[in-house]
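Novice: Sharing a structure here in structure tokens format.
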Amino acid sequence: MATLGRACLILAFVIALYGVGAGLVAWRSGRRDIAASARRSVYALAGVLTVAMIILESAFLRDDFSFATVAGHSSHTTPFFYKAAAVWSSQEGSLLLWVWLLAIWSSLALFLTRKRMRDVTPVATAVLAGFAAFFAGLLVFFASPFEVLGAVPADGSGLNPLLRHPSMMIHPPMLYSGYTLFTVPFAFAIGALVTRRVDAEWITATRRFALAAWLFLGIGIILGARWSYAELGWGGYWAWDPVENASLLPWLTGTAFIHSIMIQEKRGMLKVWNVSLVLATGILAILGTFLVRSGILDSIHAFGASTLGVPFVVLIVFLLVLSIGLVAWRSSLLRSEHGIDSFLSREAAFLFNNLLFVGMAFVVFFGTFFPLITEAFGERRNVGPPWFDRIIVPLAIGLVGLAGIAPLISWRRVTRGNLRRNVAVPLGFGVLVAAVLTAVGGVAHKPWALAMFALAGFLIAGVVQEFARGARARRAMSADSWPLAMVSLVRRNRRRYGGYMVHVGIATLFVGVAASSAFQHARDVRMRPGDTAHINGYDVRYAKPLGRVVVRDGRVERIDLGSQLVVSKGGHVLRTLSPTRGYYPADAPFAPVSGMFSGEPESQVQMIAGLRRDFWTAVQPELGPLRRDMALYDKAIRVLAQRGAPVDKQVLAFRIGLQRIVDDYASGRPYSTFRLISSPLVAWIWIGGIIVFGGGLVSLWPAPDGARRRATAGYAARVARELGRA
Amino acid sequence: MALAVLVIVAVVAWVVISPLRPARAGAAEAADTAALEELEAEKAAKYREIRDAELDYRTGKLDEADWRAIDRELRAEAVLILRRIDALGAPVPDPAPDG
Numbered sequence: 001m002a003t004l005g006r007a008c009l010i011l012a013f014v015i016a017l018y019g020v021g022a023g024l025v026a027w028r029s030g031r032r033d034i035a036a037s038a039r040r041s042v043y044a045l046a047g048v049l050t051v052a053m054i055i056l057e058s059a060f061l062r063d064d065f066s067f068a069t070v071a072g073h074s075s076h077t078t079p080f081f082y083k084a085a086a087v088w089s090s091q092e093g094s095l096l097l098w099v100w101l102l103a104i105w106s107s108l109a110l111f112l113t114r115k116r117m118r119d120v121t122p123v124a125t126a127v128l129a130g131f132a133a134f135f136a137g138l139l140v141f142f143a144s145p146f147e148v149l150g151a152v153p154a155d156g157s158g159l160n161p162l163l164r165h166p167s168m169m170i171h172p173p174m175l176y177s178g179y180t181l182f183t184v185p186f187a188f189a190i191g192a193l194v195t196r197r198v199d200a201e202w203i204t205a206t207r208r209f210a211l212a213a214w215l216f217l218g219i220g221i222i223l224g225a226r227w228s229y230a231e232l233g234w235g236g237y238w239a240w241d242p243v244e245n246a247s248l249l250p251w252l253t254g255t256a257f258i259h260s261i262m263i264q265e266k267r268g269m270l271k272v273w274n275v276s277l278v279l280a281t282g283i284l285a286i287l288g289t290f291l292v293r294s295g296i297l298d299s300i301h302a303f304g305a306s307t308l309g310v311p312f313v314v315l316i317v318f319l320l321v322l323s324i325g326l327v328a329w330r331s332s333l334l335r336s337e338h339g340i341d342s343f344l345s346r347e348a349a350f351l352f353n354n355l356l357f358v359g360m361a362f363v364v365f366f367g368t369f370f371p372l373i374t375e376a377f378g379e380r381r382n383v384g385p386p387w388f389d390r391i392i393v394p395l396a397i398g399l400v401g402l403a404g405i406a407p408l409i410s411w412r413r414v415t416r417g418n419l420r421r422n423v424a425v426p427l428g429f430g431v432l433v434a435a436v437l438t439a440v441g442g443v444a445h446k447p448w449a450l451a452m453f454a455l456a457g458f459l460i461a462g463v464v465q466e467f468a469r470g471a472r473a474r475r476a477m478s479a480d481s482w483p484l485a486m487v488s489l490v491r492r493n494r495r496r497y498g499g500y501m502v503h504v505g506i507a508t509l510f511v512g513v514a515a516s517s518a519f520q521h522a523r524d525v526r527m528r529p530g531d532t533a534h535i536n537g538y539d540v541r542y543a544k545p546l547g548r549v550v551v552r553d554g555r556v557e558r559i560d561l562g563s564q565l566v567v568s569k570g571g572h573v574l575r576t577l578s579p580t581r582g583y584y585p586a587d588a589p590f591a592p593v594s595g596m597f598s599g600e601p602e603s604q605v606q607m608i609a610g611l612r613r614d615f616w617t618a619v620q621p622e623l624g625p626l627r628r629d630m631a632l633y634d635k636a637i638r639v640l641a642q643r644g645a646p647v648d649k650q651v652l653a654f655r656i657g658l659q660r661i662v663d664d665y666a667s668g669r670p671y672s673t674f675r676l677i678s679s680p681l682v683a684w685i686w687i688g689g690i691i692v693f694g695g696g697l698v699s700l701w702p703a704p705d706g707a708r709r710r711a712t713a714g715y716a717a718r719v720a721r722e723l724g725r726a
Numbered sequence: 001m002a003l004a005v006l007v008i009v010a011v012v013a014w015v016v017i018s019p020l021r022p023a024r025a026g027a028a029e030a031a032d033t034a035a036l037e038e039l040e041a042e043k044a045a046k047y048r049e050i051r052d053a054e055l056d057y058r059t060g061k062l063d064e065a066d067w068r069a070i071d072r073e074l075r076a077e078a079v080l081i082l083r084r085i086d087a088l089g090a091p092v093p094d095p096a097p098d099g
């Protein structure tokens, strides 16, 4: 099967090169048949890569350790669902996932645009096929997932324990879907520039792909944050880590883009800005993949430092030169058709929000690459989370304010009377939120958090007002019931009201971030059974140690050592928590028992999660006192092996040794270090993410297409009739 | 295994090569199609602008006088776009040679 997989990759590389050539020939000659052939080459690419993906997936699911990547990233004891996800834990598997998703999304984009933009699509096809050729080339020449081992091992190394979390099963496909979907508007922007079609058509044709990319990337980022919170054992969800930042960068510029394209669609403005934004977003998507895979920056998320840095740098430099050159070449076509009528208009609000988004992207980019910049001038230095927080927090507050005001003002211009009428209630609510929180909540000493809560209140009240007024207007026209009017309103204006929902979701998420960052209580405490720690009104008693040997399919998968904690508040027991730390084996043939504690450990966090507050715990058992027994059992097993004892006897000694160590731990009074965190409103980060997802889906859903049919009446009547149908 | 590879190559070749046939589309037709697509996009954007302006008026963000002025202006622009579409003579581009 590995041979078939390799053949599929070579074939994919050849097809992608054909797609590039055929696309360019179709553009130069204007021949539709060649354009169709180029497009079909992308479909074929998707088919061939699907076969390759199935072969690799089945190798993981069948525990076929003749594949080097399966032996390196899975094992008999890896749970079934994680075996399926282990494909993309390796560098070569993740590159295959990237190019496979690229081919799938490119095929969808080219299929949906096959009857539109016939001059632009051949160039776009060539660009998309070019990306595919690059990644297929990496798989063929540098990092093949179909390498086979000469001697097949009895078991594999297993999946990195940190990746054994449900969100890790879908986090990479979501991120990569986001990255690859952003290549679609990138490719069409290149096509539009090359063919001089810089009107709004390429935007209309690819807007949904940009929105889908933004949505997938956003889901991926949220899932990554959730994984970090529940799995990494440090208690946070965002650390301004280079790999986290790498996914945030295209999301920020992509968010700016999906706002500013509305201005181009409506007013023919910001053409240079939009095309530059989408080109930058496409390049940042490649940069994100590069950062995860190159290992040039230290990251808690980079699971495979590799030698692929050079090809990626070459690609990124090529894309930069191509993009800047094309924008400069077509600058005369990219002039705005109108100017801004008033700085008190929705387009002006969008313009300011774009500046803030791009400003944030610049700050994140600078902070992420600061180690490389400083290294170029001497000593490598990092900027930490406080630096990012100091600059990003005020910008984020400004964004929430703009997102609150934009839905309340119209396009083109606003009169003072209208502004007063529309802003009064939301502003009053925002002020009320600030006053109540200052008086009752005692948050005045955290001015940034207070500002965020007040502006989020302003935003949410504004959106509620918009929904209410819109539904009232529908009812005035149709006499529908309130719920029906609401549904009808959203159905007829999906982009607008889906966008409002996204705003509410983002505000909710930011409230969770602001509250949990500003009002978090965290403490690291060393305790032994019987001790009690106090934090933010919680009493945490270390009741007893826990230990167990986890066996899967007759093999030892891991050792869990942990603690039973009784959490009380005001004298009432709230819950018993059992945080543990899972120890996985490293390859240590001469020290099988201590080798069980030498692999990558994994924190099994426990928390009391609620809408108001999370109480979060992780444990770090002290292994020092166990080392002597580990060494004793290692020695005993070595002696058995030297005396030629049967393997089953050695395995029995190994099992007995492990069980004794675990039992001794659980019946003793071992010290452990606990991380205890009390954070308010963390749940609202995840709820905000779900609201954003829902709003994104509403915006993405196709609108009823009634305006394409032709009417024969007079022109003014035709406009009215076609408007009435949509 | 070799047979499987051959089958895949044959299917790919059929999928990719089958649309190829002697050129039939002239440059003039392609230019007309591009212009028409551009106008259709302009029309859709203009209609969206008209609807948005009406919704802005109905949700209290525009005065009636302002809305009527903007609406008149937008509808006049929409009429111009329709005239240009009709001048090109084809309402919708003909279908592509394949799926």
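If you read the sequences in order, they're chains X and F. Be aware that the first sequence starts at 1, since it is given in my numbering, and climbs by one per residue. Be aware that the second sequence starts at 1, since it is given in my numbering, and climbs by one per residue. A virtual CB, placed ideally from N, CA and C, is assigned to each residue, including glycine. Only a predicted model underlies this, so the values are computations on that prediction, with no experimental measurement involved.
With 16 other CB atoms within 10 Å as the buried threshold, where does S247 of chain X fall?
Specialist: Per the 10 Å Cβ criterion, buried.
Novice: How many Å lie between P145 of chain X and D663 of chain X at the Cα?
Specialist: If I take the Cα positions, the gap works out to 42 Å.
Novice: May I ask which residues mark the beginning and end of the alpha helix (DSSP H) holding F318 of chain X?
Specialist: First-last of the alpha helix (DSSP H) with F318 of chain X: G309 to W329.
Novice: Would you say V16 of chain F faces chain X, with C-beta separation under 8 Å as the test?
Specialist: Yes, V16 of chain F lies at the interface with chain X (some Cβ there is under 8 Å from its Cβ).
Novice: Select from X:A285, X:V443, X:A46 and X:F366 the residue whose C-alpha is nearest the C-alpha of F216 of chain X.
Specialist: Nearest option by C-alpha distance: X:A285.
Novice: Excluding the 5 residues preceding and the 5 following G224 of chain X in the sequence, name in chain order all residues of the same chain whose CB lies nearer than 8 Å to its CB.
Specialist: Taken in chain order, the residues that qualify are S167, H171, L175, E244, S247 and H301.
Novice: Taking the straight line between their C-alpha atoms, what separation do you get for A212 of chain X and A151 of chain X?
Specialist: In a straight line, the C-alpha of A212 of chain X is about 44 Å away from that of A151 of chain X.
Novice: Does the CB of E722 of chain X have a neighbour CB from chain F at under 8 Å?
Specialist: With 8 Å as the cut-off, E722 of chain X counts as an interface residue toward chain F.
Novice: Quick one: is L20 of chain F near chain C, going by C-beta distance under 8 Å?
Specialist: The structure shown contains no chain C; the protein chains it does contain are X and F.
Novice: Compare the C-beta of W240 of chain X against all C-beta atoms of chain F and say whether one is closer than 8 Å.
Specialist: Not closer than 8 Å to any Cβ of chain F, the Cβ of W240 of chain X fails to qualify, so no.
Novice: Taking all protein chains shown into account, do 16 or more other C-beta atoms lie within 10 angstroms of the C-beta of F80 of chain X, making it buried, or fewer, making it exposed?
Specialist: Exposed.
Novice: Would you say R420 of chain X faces chain F, with C-beta separation under 8 Å as the test?
Specialist: Not an interface residue.
Novice: Tell me, which residues are paired with M728 of chain X by DSSP?
Specialist: Limits of chain X in this structure are 1 at one end and 726 at the other, which puts residue 728 of chain X out of reach.
Novice: With DSSP collapsed to three states, give me the class of G547 of chain X.
Specialist: Strand, per DSSP.
Novice: Using a Cβ-Cβ distance under 8 Å, would L4 of chain X count as near chain F?
Specialist: Interface residue, yes.
Novice: For a test of the three-state rule: what should DSSP assign to H534 of chain X, helix, strand or coil?
Specialist: Residue state, collapsed to three classes: strand.
Novice: Where do the ends of the beta strand (DSSP E) carrying I559 of chain X lie?
Specialist: Run containing I559 of chain X: R555 to K569, per the beta strand (DSSP E) assignment.
Novice: Taking C-alpha atoms, which residue in X:S488, X:R293 and X:W251 lies nearest to T281 of chain X?
Specialist: Cα-wise, what sits closest to T281 of chain X is X:W251.
Novice: In chain order, what residues of the same chain have a beta carbon less than 8 Å from the beta carbon of V363 of chain X, not counting five sequence neighbours either side?
Specialist: The answer, listed in chain order, is F388, I391, I392 and L395.
Novice: Which residues does DSSP list as the beta-bridge partners of V727 of chain X?
Specialist: Summary: the structure shown does not reach residue 727 of chain X, with chain X confined to residues 1 through 726, and so no result is reported for it.
Novice: Interface residues of chain F around N493 of chain X at Cβ under 7 Å?
Specialist: Neighbours of N493 of chain X on chain F, chain order: L55.
Novice: Return the CA-CA distance between R528 of chain X and D629 of chain X, expressed in angstroms with no decimal places.
Specialist: The straight-line gap from Cα to Cα measures roughly 20 Å.
Novice: In the structure shown, what three-state DSSP assignment does S812 of chain X receive?
Specialist: Only positions 1 to 726 of chain X appear in this structure, which leaves residue 812 of chain X out of reach.
Novice: Of the residues X:L163, X:G191 and X:A189, which one's Cα is nearest the Cα of G233 of chain X?
Specialist: It is X:L163 whose Cα lies nearest to the Cα of G233 of chain X.
Novice: Give the single residue among X:G430, X:D199 and X:V194 whose Cα lies nearest to the Cα of W329 of chain X.
Specialist: Looking at the Cα atoms, X:V194 is the closest of the given residues.
Novice: List, in chain order, every chain X residue whose beta-carbon is nearer than 8 Å to that of L82 of chain F.
Specialist: The contacting residues are Y715, R718 and V719.
Novice: When DSSP labels each residue in this structure, what does S596 of chain X get in the three-state scheme?
Specialist: Residue identity differs from the one stated: residue 596 of chain X is Met in this sequence, not Ser. Residue state, collapsed to three classes: coil.
Novice: Just verifying my parser: in three-state terms, what is the DSSP assignment at L607 of chain X?
Specialist: This sequence places Met at residue 607 of chain X; Leu is not what is there. Reduced to three states, the DSSP call for M607 of chain X is strand.
Novice: Going along chain X in order, which residues have a C-beta closer than 7 Å to the C-beta of E37 of chain F?
Specialist: The answer, in chain order, is R116, M117 and E201.
Novice: Alpha carbon to alpha carbon, what distance is there between S75 of chain X and V639 of chain X?
Specialist: Between V639 of chain X and S75 of chain X, the C-alpha separation is close to 28 Å.
Novice: Are A46 of chain X and P122 of chain X closer than 8 Å when you measure CB to CB?
Specialist: The answer is no: Cβ separation not under 8 Å.
Novice: Do you know whose CA, among X:K271, X:G23 and X:H338, lies nearest L128 of chain X's CA?
Specialist: It is X:G23 whose Cα lies nearest to the Cα of L128 of chain X.
Novice: For the region 448–481 of chain X, enumerate the residues whose C-beta is nearer than 7 Å to any C-beta of chain F, in chain order.
Specialist: Going along the region 448–481 of chain X in chain order, one finds E466, R469, G470 and A473 with a Cβ nearer than 7 Å to chain F.
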